[in-house]
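>
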Amino acid sequence: MSVCKMKILIFGLFLIGSCTVQGAYRERYRNLDQPSDNPQPDKCELKINQLKAHLDDKINALKLDIQKSRNVLQPTDNNAELHSNIGVILLSLKLLAADLESFGRNLTTIANTTSALQQQLQITDSIQNVFGKPSNTITPANCLEVKQKNPEAPSSIYLIQPTLSKDQFWVHCDMTGKNGGWVTIHHRSLGEEDFYRDWHDYKVGFGNVAGDYWLGLEYIHQLTGNQINELLIQLVDVDGVEKYARYSHFSIGSEEQGYALKVLNGYTGTAGDSLMYHAGSKFSTKDKDQDSWGEGSCAQSHGGAWWYKSCDKSNLNGRYLPGEHPDTLNYQSMYWDSFRGSNIGLKSARMLVRPRQEELMEDAFGDTSLRI
Ligand SMILES: [Ca+2]
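Here you go:
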């Protein structure tokens, strides 16, 4: 074969190879440049798979071209320049083929990722179909934040996450009147829930958040442990008389601190102060005696769970015994000493907390719009 023929053949081979490669790239751009009227993951995945299959065919065709070239273009003379050109062109074709293979592998990865994304979207859709779409905003830390974000928010059950809490949890928020934003931590008005329970139950809470319930010491700590809160206690006796006790400063400690009533101050109200006696005391249950009565267990003796000292001037987790009861049951009912005494059980009681704010303290003093 003459040098001239060889050069033409090489040039032709180069054109063939270039056309094959350029065709493959044109095909790629043609596919990728097509307008996407609906970029859904399933359509993207289909398109990628089609493109990959097409490129695989092109790569295989190119490999065959290269192999044929090797067979045809084996140098037969000692033209060093020609040999060198052949070598360079073959090497370029090899590199192009390698690039295409790499490109194909990347497309495979993209296809797999797209498939996984599609599955995630399907799972998310399923969850949203059951629970509704989540809010784009951060979960409120307490009911006051719920109220501030939406002044028209009604009294209801809301999901909150205090800054001390790792998890979200449901609470009842009282949004009554302009001074709402209270988290209900304790509520009894039906007497259907057993409140004579152990430490674990008082720690994690129990009852129906929409009815009679105890929020749980751990949650109360998370709500009140790192900021000044106020506490509102609402009481109703069997005659329907309503009283309240309000404390401008309220906080309970951690479990390591026995969920002690570590901050309590600033009483105002109409029910009288029957809680200050308990300030500083740890919480006690029937199976965890942390009171200061050395001879016995206040929780067992008085049938409840409270910040017993030795022992109590209030017992809102005591037995549900509305009205007057015999002396043998003295101190055992849900009572508030400065309201109706220790031998008359109340009909309803609620305890509510919210972050303390000066303007709310002034406005809400004696707020009669709050109802149990
Ligand atoms: Ca004791």
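Under mature numbering (1 follows the signal peptide of the UniProt record, and there is no 0), the residues of the sequence shown are numbered -23 to -1, 1 to 349, in order. For each residue, glycine too, the CB sits at the ideal point set by N, CA and C.
(1) By DSSP, does Ser261 sit in helix, in strand, or in coil?
(2) Among Ile197, Thr262, Lys143, whose alpha-carbon lies nearest the alpha-carbon of His163?
(3) Taking a cut-off of 5 Å, which residues have a beta-carbon closer than that to any heavy atom of ligand 1, in chain order?
(4) Whole angstroms is fine: what's the gap from Asn292's alpha carbon to Gly322's?
(5) Cutting at 6 Å between CB atoms, please list the residues of its own chain near Met328, excluding the five before and the five after it.
(6) What's the gap between the Cα of Leu241 and the Cα of Ser315?
(7) Helix or strand or just coil, what does DSSP make of Gly243?
(8) What is the rounded straight-line gap between the Cα of Asp250 and the Cα of His226?
(9) Using a threshold of 8 Å, state whether the C-beta atoms of Lys290 and Gln277 are closer than that.
(10) Kindly indicate which residue of Lys143, Ser133, Ala256, Leu121 has the alpha-carbon position closest to the one of Asn156.
(11) In whole angstroms, what separates the C-alpha of Ser69 from that of Asn26?
(12) How many angstroms separate the CA atom of Ala256 from the CA atom of Tyr312?
(13) Can you list, in chain order, the residues of its chain with a C-beta nearer than 8 Å to that of Ser231? Leave out the 5 residues immediately preceding and following it.
(14) Note down the Cα distance separating Asp144 from Glu169, rounded to an integer number of angstroms.
(15) Where do the N-terminal and C-terminal ends of the alpha helix (DSSP H) with Cys150 fall, by residue?
(16) Need the endpoints of the beta strand (DSSP E) that Ser133 sits in, please.
(17) Locate the alpha helix (DSSP H) running through Trp283, then write down its first and last residues.
(18) Could you give the distance in angstroms between the alpha-carbon of Arg333 and the alpha-carbon of Leu238?
(19) Between Tyr149 and the rest of its own chain, which residues show a CB-CB distance below 6 Å, the 5 nearest in sequence each way excluded?
(20) Where Arg174 and Trp283 are concerned, what is the direct C-alpha to C-alpha distance, given to the nearest angstrom?
(21) Helix, strand or coil for Glu232, going by three-state DSSP, please let me know.
(22) Please list, in chain order, all residues of the same chain as Gly246 whose beta carbon is under 6 Å from its beta carbon, the five residues on each side excluded.
(23) Using the Cβ count rule (16 or more neighbours within 10 Å means buried), how would you classify His279?
(24) Tell me the rounded alpha-carbon separation between Leu252 and Val218.
On the basis of the data shown:
(1) Three-state DSSP puts Ser261 in a strand.
(2) Residue nearest to His163 within the set Ile197, Thr262, Lys143 is Ile197 (criterion: CA-CA distance).
(3) In chain order, the hits are Asp266, Asp268, Trp270.
(4) Distance from the CA atom of Asn292 to the CA atom of Gly322, rounded to whole angstroms, is 10 Å.
(5) Correct list, in chain order: Ile162, His163, Ile210.
(6) Looking at the backbone, the Cα of Leu241 and that of Ser315 are separated by about 17 Å.
(7) Strand.
(8) If you take the alpha carbons of Asp250 and His226, they lie about 14 Å apart.
(9) For the pair Lys290 and Gln277, the CB atoms are not nearer than the 8 Å cut-off.
(10) Asn156 has its Cα closest to that of Leu121, out of Lys143, Ser133, Ala256, Leu121.
(11) Ser69 and Asn26 have their C-alpha atoms some 27 Å from each other.
(12) Those two C-alpha atoms are separated by around 17 Å.
(13) Counting only Cβ-Cβ distances below 8 Å, and skipping sequence neighbours, we find His198, Gly202.
(14) Rounded to the nearest angstrom, the two C-alpha atoms are 28 Å apart.
(15) Premise fails: Cys150 lies in the beta strand (DSSP E), 146 to 151, not in any alpha helix (DSSP H).
(16) 133 to 137 is the extent of the beta strand (DSSP E) around Ser133.
(17) Element bounds for Trp283: n/a, residue is neither H nor E.
(18) Taking the straight line from one Cα to the other gives about 17 Å.
(19) Reading the sequence as shown, one finds His at residue 149 and not Tyr. Excluding its 5 nearest sequence neighbours in each direction, His149 has C-beta neighbours in its own chain below 6 Å: Ile134, Thr161, Val186, listed in chain order.
(20) C-alpha separation (whole angstroms): 11 Å.
(21) Residue state, collapsed to three classes: coil.
(22) The residues are Tyr221, Ala222, Arg223.
(23) With 16 or more other Cβ atoms within 10 Å, it is buried.
(24) Distance from the CA of Leu252 to the CA of Val218, rounded to the nearest whole angstrom, comes to 20 Å.
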